[in-house]
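Inspection log for the structure reproduced underneath, given as structure tokens.
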């Protein structure tokens, strides 16, 4: 077995260099952040992109929230955040994005957000119960969480386990948005 594959299987975290295989210009043919997230984002919102990687969705979100909004781009790897900052600067939206390096066991974002996005990353989280509990604590009343997982990597059964974990931790299912190549669900805070 190849060493890189062993590394991926042991850590369950996408290394920064592997992100180039799916976070590139070709991805816009099947994932257009503004179209996918536009129905849930308004100008002036505070949005959190958890597991932002190199910023594919963070940059789209920054365009949607406008000058009066803010995107909190969260990632475990500083290298991902550095690459995202460079891309955001190039796209002219760096002033709308705040980066935050999280720990493996704690997201560590204070305050409240209007929307959280977890795109193609929850399957990497070793403790989904703790993850969803922490996300819930950052959402203000009426806020939502969009979860999308890659169909080619996450089975329907695994996705159901992820969804069940969210539901056990205070989320209610709102809808199943159709996102290419993804299994996805839109959740809200649920009844308090």
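Residue numbers (this note's numbering): 5 to 196. Quick reminder that beta carbons are idealized off the backbone N, C-alpha and C, glycines included.
Check: Just list the alpha helix (DSSP H) runs in the segment 132-166, keeping only unbroken ones of 4 residues or longer that don't cross its boundaries, in chain order.; Outcome: 132-142
Check: Which whole-angstrom value is the C-beta distance of residue 183 and residue 147, which I expect to be below 8 Å?; Outcome: Residue 183 to residue 147, Cβ: 19 Å. No contact.
Check: Would you kindly check if the distance between the Cβ of residue 50 and the Cβ of residue 73 is under 9 Å?; Outcome: yes
Check: According to DSSP, what are the bridge partners of residue 71?; Outcome: For residue 71, which the question treats as bridged, DSSP gives no partner whatsoever.
Check: Any idea which residues DSSP pairs residue 187 with across the strands?; Outcome: 153
Check: Could you give the C-beta distance for residue 61 and residue 41, rounded to a whole number, given that I count them as a contact under 8 Å?; Outcome: 7 Å
Check: Taking all protein chains shown into account, do 16 or more other C-beta atoms lie within 10 angstroms of the C-beta of residue 189, making it buried, or fewer, making it exposed?; Outcome: buried
Check: Among residues of its own chain, excluding the 5 on either side of residue 48, which ones have a beta-carbon nearer than 6 Å to its beta-carbon?; Outcome: 72 and 73
Check: Who are the Cβ neighbours of residue 95 in its own chain at under 7 Å, not counting the five residues just before and after it?; Outcome: 63
Check: For residue 111 and residue 125, I'd like the C-alpha separation in whole angstroms.; Outcome: 13 Å
Check: Within the same chain, show all residues whose beta-carbon is closer than 7 Å to that of residue 178, passing over the 5 residues directly before and after it, in chain order.; Outcome: 148, 190, 191 and 192
Check: According to DSSP, is residue 119 part of a helix, a strand, or is it coil?; Outcome: strand
Check: Am I right that residue 54 and residue 98 are in contact with their C-beta atoms under 8 Å? What's the rounded C-beta distance?; Outcome: With 8 Å as the limit, residue 54 and residue 98 do not qualify as a contact, their Cβ atoms being about 19 Å apart.
Check: Where do the ends of the beta strand (DSSP E) carrying residue 101 lie?; Outcome: 101-105
Check: If we define contact as Cβ-Cβ less than 9 Å, is residue 36 a contact residue for chain B?; Outcome: The displayed structure is made up of one protein chain only, and chain B is not part of it.
Check: Per DSSP, what kind of secondary structure is residue 125 in: helix, strand or coil?; Outcome: coil
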